[in-house]
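Residue numbers (our numbering): 330 to 438.
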């Protein structure tokens, strides 16, 4: 059992890659991008992986998520050249500690 309802890792990866919103998995307080989906690469460029997510402002909300808040939502977030309505959620390790965030951004316009 993989923990994915009704499917496995391949199915989850397919959903991630084909999602129409920007999705990224980021590590640590610097939000270093581990992976980003096709919509994210198209909107923000192919060179995101390995560098910090170029989000402007919202440090307090993101810090709250890194400290264990369930999520942070914001409208009109600048990420590189794009503007998105965003949701940041914590990524937790097996012990429950927060190791980074997932980023979901719906492009405006």
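For glycine and all other residues, C-beta sits at the position ideal for the given N, C-alpha and C.
Compare the Cα-Cα distances from residue i to each of the options and report the closest residue.
i, options, result
"residue 389", "400, 379, 381, 341", "400"
"residue 343", "367, 356, 361, 363", "367"
"residue 410", "370, 432, 396", "370"
"residue 378", "355, 427, 438", "355"
"residue 353", "431, 438, 396, 339", "431"
"residue 351", "384, 391, 422", "384"
Can the beta-carbon of residue i be found closer than 8 Å to that of residue j?
i, j, result
"residue 418", "residue 394", "yes"
"residue 374", "residue 361", "no"
"residue 413", "residue 387", "no"
"residue 408", "residue 382", "yes"
Note down the Cα distance separating residue i from residue j, rounded to an integer number of angstroms.
i, j, result
"residue 398", "residue 425", "12 Å"
"residue 357", "residue 429", "5 Å"
"residue 330", "residue 348", "Low local confidence applies: a pLDDT of 39 at residue 330 is under 50, so the model's placement there is unreliable, and no value is given."
"residue 338", "residue 396", "28 Å"
"residue 434", "residue 420", "16 Å"
"residue 403", "residue 391", "10 Å"
"residue 437", "residue 345", "20 Å"
"residue 376", "residue 365", "10 Å"
"residue 372", "residue 359", "20 Å"
"residue 427", "residue 341", "22 Å"
Hey, could you find the ends of the beta strand (DSSP E) residue i is sitting in?
i, result
"residue 423", "Run containing residue 423: none; DSSP gives neither H nor E here."
"residue 404", "401 to 408"
"residue 435", "427 to 436"
Could you spell out the range, first to last residue, of the alpha helix (DSSP H) harbouring residue i?
i, result
"residue 337", "Run containing residue 337: none; DSSP gives neither H nor E here."
"residue 389", "388 to 395"
"residue 373", "367 to 373"
Given the structure, does residue i come close to the ligand NAP, in the sense that its CB is under 7 Å from one of the ligand's heavy atoms?
i, result
"residue 360", "This structure lacks the ligand NAP, and indeed carries no ligand of any kind."
Using a C-beta cutoff of 8 Å, does residue i count as contacting chain C?
i, result
"residue 416", "Within the model displayed, chain C is absent; a lone protein chain is all it includes."
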